[in-house]
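Asks: Going line by line, the protein sequences match chains D and B. Residues 40 to 291 in the numbering used here are what the first sequence lists, from first letter to last. Residues 40 to 291 in the numbering used here are what the second sequence lists, from first letter to last.
Number of protein chains: 2
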Amino acid sequence: MSWTVGELARLAGVTVRTLHHYDRIGLVRASERTSAGHRSYDVRDLDRLQQVLFYRELGFPLDEVATLLDDPDADPAVHLRRQHRLLRDRLERTQAMVAAVEKEMEARQMGISLTPEERFEVFGDWLPEEYAAEAEERWGDTDAWAQSQRRTAAMSKEDWLRVKAESDDVERRFAAALAGGVPADSTAAQDLAEEHRQQISRHFYDCSPEVHAGLGRMYVEDERFTAYYERIAPGLAQYVSTAVQANAARQS
Amino acid sequence: MSWTVGELARLAGVTVRTLHHYDRIGLVRASERTSAGHRSYDVRDLDRLQQVLFYRELGFPLDEVATLLDDPDADPAVHLRRQHRLLRDRLERTQAMVAAVEKEMEARQMGISLTPEERFEVFGDWLPEEYAAEAEERWGDTDAWAQSQRRTAAMSKEDWLRVKAESDDVERRFAAALAGGVPADSTAAQDLAEEHRQQISRHFYDCSPEVHAGLGRMYVEDERFTAYYERIAPGLAQYVSTAVQANAARQS
DNA sequence: CAACAGCCTGACGTCGCGTCAGGTGCAACC
DNA sequence: GGTTGCACCTGACGCGACGTCAGGCTGTTG
Chain D
40 MSWTVGELAR
50 LAGVTVRTLH
60 HYDRIGLVRA
70 SERTSAGHRS
80 YDVRDLDRLQ
90 QVLFYRELGF
100 PLDEVATLLD
110 DPDADPAVHL
120 RRQHRLLRDR
130 LERTQAMVAA
140 VEKEMEARQM
150 GISLTPEERF
160 EVFGDWLPEE
170 YAAEAEERWG
180 DTDAWAQSQR
190 RTAAMSKEDW
200 LRVKAESDDV
210 ERRFAAALAG
220 GVPADSTAAQ
230 DLAEEHRQQI
240 SRHFYDCSPE
250 VHAGLGRMYV
260 EDERFTAYYE
270 RIAPGLAQYV
280 STAVQANAAR
290 QS
Chain B
40 MSWTVGELAR
50 LAGVTVRTLH
60 HYDRIGLVRA
70 SERTSAGHRS
80 YDVRDLDRLQ
90 QVLFYRELGF
100 PLDEVATLLD
110 DPDADPAVHL
120 RRQHRLLRDR
130 LERTQAMVAA
140 VEKEMEARQM
150 GISLTPEERF
160 EVFGDWLPEE
170 YAAEAEERWG
180 DTDAWAQSQR
190 RTAAMSKEDW
200 LRVKAESDDV
210 ERRFAAALAG
220 GVPADSTAAQ
230 DLAEEHRQQI
240 SRHFYDCSPE
250 VHAGLGRMYV
260 EDERFTAYYE
270 RIAPGLAQYV
280 STAVQANAAR
290 QS
């Protein structure tokens, strides 16, 4: 499967000119040309473009996006974790701005006026989100961060099997509980769900109970996730979903 | 009170160059000059700058910001409502992006790969947020929106007194309930709180129970809001706060 | 075979500033 | 009284990330 510029532009919601630009500066190159000299994008180019758009939306200049994506130590999981963190930062900031607007609305209604410092507070210490995050990365827990990055990058070779075995184990125990008639909302099943959540947190990304509950819903709503679990044992998707959500509920 | 460029720049978290630029293009003009030709900003200039920064952060080009702020029909309340709506749009979008990243993380973990459409979904229909919102404004319920805008703009003269009387009324009834020993979490007090919430929604902005609960907390946490209520009757700030939060809780 | 849709490559324009360069006003210190 | 230093001033050019033509090349469809 391959795509022309126009197709890709429509798919990704950008203009053809943008794709030309990215090609020219080497950010997202079309991996082939037709005999007529037309650009032809393959699936890896799509991957790359998606990453670029993500970082762009988060406010990164294109040359920094390039260095991020061309870092040989950064596999896809690293990018996903970073994007996740950046997005949560943005969520926080937006919520702060919503709160500021609501405060000002209420103040106006009462005829109170806020101090200038207060009104600019939400803009104040705000280094553009990515730099704050990057700074944290570089200077925060530099070695720890670097190590974890290396570990995950290196993992995909040897330790990946261990991680995979670990999650297989939980999945088998889920299946056994299902077969043994253990109710999905029982304490035992919820404990398994909790183990599942902590596994994700350890190996992949910080998975809060709420996030985990979202995943649980997805297991039954998205047929491909459903199929994944159904291949292990019939009824397992619904079972895991229920257990995960019950576990999330008891934690709040 | 007045400010120099440097002071304002530090206060607002922008560069001096930016203020020069905004002055040059007439977006935020310093309302005075000192004898030496130095810019001198007064409090109305700060107001204006804050509005500009808000709209800028939300992605508006500066010339559109200018037309928005120079619209004679748009009083501060109109801007606050619009900013509130735009921010909530951004929150939704960011949450969607978080969900997309989490979905992809989960998919990778299971060895599932998402379809290209799915992966660009979150970018896809995305006209920059402000245009979507503006379009909704212009074509959604055009007349209704325009009417409500006019109403609030015109309001500040004559109907304002009616609105003010309405909220004074609720406040007096709150004070009476407090004096009469009616518990703050009683049904009667909660009904008053609900009336308060609906008043805000009618006259100012869409105030959900959760938003209202936030306001309630603010009544006791911010001393100026506390003072507002305490001037009506001692203990009223805490009383209203409790009632508002109890009302929010019973609605969920 | 003509018309049209979609592709190509320059090349210049735009927006929102960043970044000098060269000069002024004023307080503080030598 | 000089000068040092700081914060301000006004041009003027530069830049990133494209938008917007202009002029020309394919390949398919009526």
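Glycine residues also receive a C-beta, built at the ideal position from the N, C-alpha and C atoms.
Can you check DSSP and say which residues form a bridge with residue 80/B?
Replies: 42/B
Asks: Determine which residues of the region 219 to 239 of chain B have a Cβ less than 8 Å from any Cβ of chain D, and write them out in chain order.
Replies: 239
Asks: Tell me where the alpha helix (DSSP H) around residue 255/B begins and ends.
Replies: Note, residue 255/B: alpha helix (DSSP H), 248 to 260.
Asks: Could you check the C-alpha separation between residue 65/B and residue 87/B for me, to the nearest Å?
Replies: 12 Å
Asks: CB-CB under 6 Å to residue 285/D, same chain, minus the five flanking residues each way: which ones, in chain order?
Replies: 224 and 229
Asks: Kindly indicate if chain D contains any beta-carbon less than 9 Å away from that of residue 241/B.
Replies: Residue 241/B does not count as touching chain D.
Asks: Which word fits residue 121/B, buried or exposed, when buried means at least 16 other C-beta atoms lie within 10 angstroms of its C-beta?
Replies: By the neighbour-count rule (16 or more Cβ atoms within 10 Å), residue 121/B is buried.
Asks: With distances taken Cα to Cα, identify the nearest neighbour of residue 52/B among 232/B, 91/B and 281/B.
Replies: 91/B
Asks: Going along the chain, which residues of its own chain have a beta-carbon closer than 8 Å to the beta-carbon of residue 136/D, five neighbours each way excluded?
Replies: 161
Asks: Could you compute how far the alpha carbon of residue 77/D sits from the alpha carbon of residue 43/D?
Replies: 8 Å
Asks: Contact criterion: CB-CB distance below 9 Å. Does residue 169/B meet it with respect to chain D?
Replies: Note on residue 169/B: pLDDT 44, under 50, position unreliable in the model; no value is reported.
Asks: In chain B, which residues lie less than 8 Å from residue 123/D when you measure between Cβ atoms?
Replies: 137, 140, 141 and 144
Asks: So residue 116/B and residue 147/D are supposed to be a Cβ contact under 8 Å. How far apart are they, rounded?
Replies: 7 Å
Asks: How should residue 81/B be labelled, buried or exposed, when 16 other C-beta atoms within 10 angstroms of its C-beta is the threshold for buried?
Replies: exposed
Asks: Classify residue 89/D as buried or exposed, calling it buried when 16 or more other Cβ atoms lie within 10 Å of its own Cβ.
Replies: buried
Asks: Taking CB distances under 9 Å as the criterion, tell me whether residue 56/B reaches chain D.
Replies: no
Asks: Where residue 93/B and residue 159/B are concerned, what is the direct C-alpha to C-alpha distance, given to the nearest angstrom?
Replies: 28 Å
Asks: If distances are taken between C-alpha atoms only, which option among 252/D, 276/D, 40/D and 95/D comes closest to residue 259/D?
Replies: 276/D
Asks: Nearest-angstrom Cα distance between residue 49/D and residue 127/B?
Replies: 27 Å
Asks: So is residue 288/B buried or exposed if we call it buried at 16+ other beta carbons inside 10 Å?
Replies: By the neighbour-count rule (16 or more Cβ atoms within 10 Å), residue 288/B is not buried but exposed.
Asks: Since residue 63/D is in the alpha helix (DSSP H), which residue starts that stretch and which ends it?
Replies: 55 to 63
Asks: According to DSSP, residue 210/D sits in a beta bridge with which residue or residues?
Replies: Residue pairing by DSSP leaves residue 210/D without any beta bridge partner.
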